[in-house]
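Participant: At position 341 of the sequence shown the residue is numbered 388 (the numbering used here), and the sequence of numbers has no breaks.
Cβ atoms here follow ideal geometry from the backbone N, Cα and C, with glycine treated the same way.
Quick caveat: nothing in here was measured; it's all calculated off a predicted structure.
Structure incoming, see below.
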Amino acid sequence: METKTRFEIMDKVFIHQANIITPLGFSVQENFDALLRETTGISLTKLPEPIGTIPAGKIDDRLFQNFFSELNLNFSGSRIEQLMIAALEPIVNKQSVTTDAMLIISTTKGNVQALEQGNIKDAFLYQTAENIRKYFGFSKKPIVISNACVSGVMALSVAKRMIQMKAASKVFIVAADEITPFVVSGFQSFQAMSDEVCKPYDENRKGINLGEAAAAVFISSESKSEGIEIAGEANINDANHISGPSRTGEGLYLSIQKAMEEAKITSDKIDFVSAHGTATLYNDEMESIAFQRSGLDQTPINSFKGYYGHTLGAAGLLETIISMECMKQNTYLPSFGFEILGVSQPMNIIKKIKNQPMNTVLKTASGFGGSNSAMILRKQI
Numbered sequence: 048m049e050t051k052t053r054f055e056i057m058d059k060v061f062i063h064q065a066n067i068i069t070p071l072g073f074s075v076q077e078n079f080d081a082l083l084r085e086t087t088g089i090s091l092t093k094l095p096e097p098i099g100t101i102p103a104g105k106i107d108d109r110l111f112q113n114f115f116s117e118l119n120l121n122f123s124g125s126r127i128e129q130l131m132i133a134a135l136e137p138i139v140n141k142q143s144v145t146t147d148a149m150l151i152i153s154t155t156k157g158n159v160q161a162l163e164q165g166n167i168k169d170a171f172l173y174q175t176a177e178n179i180r181k182y183f184g185f186s187k188k189p190i191v192i193s194n195a196c197v198s199g200v201m202a203l204s205v206a207k208r209m210i211q212m213k214a215a216s217k218v219f220i221v222a223a224d225e226i227t228p229f230v231v232s233g234f235q236s237f238q239a240m241s242d243e244v245c246k247p248y249d250e251n252r253k254g255i256n257l258g259e260a261a262a263a264v265f266i267s268s269e270s271k272s273e274g275i276e277i278a279g280e281a282n283i284n285d286a287n288h289i290s291g292p293s294r295t296g297e298g299l300y301l302s303i304q305k306a307m308e309e310a311k312i313t314s315d316k317i318d319f320v321s322a323h324g325t326a327t328l329y330n331d332e333m334e335s336i337a338f339q340r341s342g343l344d345q346t347p348i349n350s351f352k353g354y355y356g357h358t359l360g361a362a363g364l365l366e367t368i369i370s371m372e373c374m375k376q377n378t379y380l381p382s383f384g385f386e387i388l389g390v391s392q393p394m395n396i397i398k399k400i401k402n403q404p405m406n407t408v409l410k411t412a413s414g415f416g417g418s419n420s421a422m423i424l425r426k427q428i
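Next comes the structure, spelled out in structure tokens:
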């Protein structure tokens, strides 16, 4: 008698709609058009002393406030909540919020600005999630995913599993993080900041740029032609160090293997890798080792950090959405700033825009505390 594996009896789960707000635009189309022009959203940004001016992917406050006002939304909360609502609003307008719909919030720092104002209550992540829940009228308590820089990809994993376990019929995810003096000072303490636009995997990379963004998606088990399937995913902690990645890439390697196992594919079937690529010395090196161990050293790879900076809890979701658009357009985007390979293992870093079929994508993320995530995205063909 034939038996089925756990993966074979689970419903397929699809990402149907997406929206993003970044320095490059306030929609997926605006952002993708900017990426096709190879435009970076990183520019010199002035922050209060003693931080001063740094290169960062900062959303223009005036442009965003004008945009938010034009949406005629009845909300006057914090800026990060406004970013989340503006990103999620057009999706909710097309998909009704039913009683069993789930809301997931992905963020690393949340409303940090509330701390600067002495408003401790509003700085709690659950308070931000509750404010978003009330605004859109979700019945269920929201889930907050705050697991360093893998939060955005992990939120997609959790959404997929919630649907497969019948805990929700559909899930709305919104992710956001802001550039604040508190966040910048933390990364400066690690001496991880670059004084120019970052160059992931490049020999002359100096470190990261920070960025800010809001991203939102709608997920369900309903199969539609435009949907992108979450074919496999895994999240594994390498337990190496509070801030340093495993030198062997063990956690990322295992995450990739588990994601491919669920998707029932081998590395040669992956068309493109959207990597984490922070442009720090140890992260990029670790990733090169993990990809080489996974048989992906010849697969076209890029990092979107040179366009947006590191958007922390929004990064994984933002970069997944851009990767989905790449799949739909069959377009391979270059890794901004890359010139000469500066890691120990071979990598096929994309240098020029090219158009060819893209049906299967691997999205990876790694973060503080040894967290690693991998996700296989598959186009319906």
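Can you tell me the Cα-Cα spacing of serine 314 and proline 393, whole angstroms?
Facilitator: The residue you call residue 314 lines up with position 267 of the sequence shown. The residue you call residue 393 lines up with position 346 of the sequence shown. Taking the straight line from one Cα to the other gives about 15 Å.
Participant: Between which residues of its own chain and threonine 50 is the CB-CB distance below 6 Å, once the five residues before and five after are set aside?
Facilitator: Position 3 of the sequence shown, counting from 1, holds the residue named residue 50. Model confidence at threonine 50 stands at a pLDDT of 48, short of 50, so the residue's coordinates are unreliable; what they give is reported in the following sentence. Here the set comprises nothing.
Participant: Going by DSSP in three states, phenylalanine 185 sits in which element: helix, strand or coil?
Facilitator: Numbered from its first residue, the sequence shown carries residue 185 at position 138. In the structure shown, phenylalanine 185 sits in coil (DSSP, three-state: anything other than H, G, I, E or B).
Participant: Measuring straight from C-alpha to C-alpha, what distance separates phenylalanine 183 and glutamate 177?
Facilitator: Counted from its first residue, the sequence shown places residue 183 at position 136. Counted from its first residue, the sequence shown places residue 177 at position 130. Approximately 10 Å between the Cα atoms of the pair.
Participant: Comparing alpha-carbon positions, which option in Phe383, Arg294, Pro189 and Ala361 lies nearest arginine 481?
Facilitator: There is simply no residue 481 to check, as the chain begins at 48 and stops at 428 in what is shown.
Participant: In terms of alpha-carbon separation, which member of Val144, Asn330 and Lys401 lies closest to glutamate 288?
Facilitator: Along the sequence shown, one-based indexing puts residue 288 at 241. Before going on, a small fix: residue 288 reads as histidine here, not glutamate. Closest by alpha carbon: Asn330.
Participant: Run through DSSP, which three-state label would alanine 239 get?
Facilitator: Counting from one through the sequence shown, the residue named residue 239 turns up at place 192. It is coil, neither helix nor strand.
Participant: Let me know the secondary structure DSSP gives proline 95 once reduced to three states.
Facilitator: Taking the first residue of the sequence shown as position 1, residue 95 is located at position 48. Coil.
Participant: Within 10 angstroms of its Cβ, does serine 198 collect 16 or more other Cβ (buried), or is it exposed?
Facilitator: As a position in the sequence shown, residue 198 is number 151, starting the count at 1. Buried, by the Cβ-count rule.
Participant: Name the one or two DSSP bridge partners that lysine 217 has.
Facilitator: Residue 217 sits at position 170 when you count from the first residue of the sequence shown. Bridge partners of lysine 217: Ser267.
Participant: Measure the alpha-carbon distance for glutamate 280 versus asparagine 78 and round it to whole angstroms.
Facilitator: One-based indexing of the sequence shown puts residue 280 at position 233. One-based indexing of the sequence shown puts residue 78 at position 31. The straight-line gap from Cα to Cα measures roughly 26 Å.
Participant: What does the Cβ neighbour count give for glutamate 386, buried or exposed, with the cut at 16 atoms within 10 Å?
Facilitator: For the purposes of this step, residue 386 is taken as residue 339 along the sequence shown, with counting starting at 1. Classification for glutamate 386: exposed.
Participant: Counting only the same chain and skipping the five closest in sequence on each side, list residues whose C-beta sits under 6 Å from that of lysine 305.
Facilitator: Along the sequence shown, one-based indexing puts residue 305 at 258. Answer for lysine 305: Ala281, listed in chain order.
Participant: Contact check, lysine 105 vs glutamate 259 under 8 Å by CB: the rounded distance?
Facilitator: Position 58 of the sequence shown holds residue 105. Position 212 of the sequence shown holds residue 259. With a Cβ gap of about 6 Å, lysine 105 and glutamate 259 count as contacting.
Participant: Out of Ala134, Arg425, Asn158 and Lys187, point me to the one whose CA is closest to glutamate 309's CA.
Facilitator: Your numbering for residue 309 matches position 262 in the sequence shown. Nearest C-alpha to glutamate 309: Arg425.
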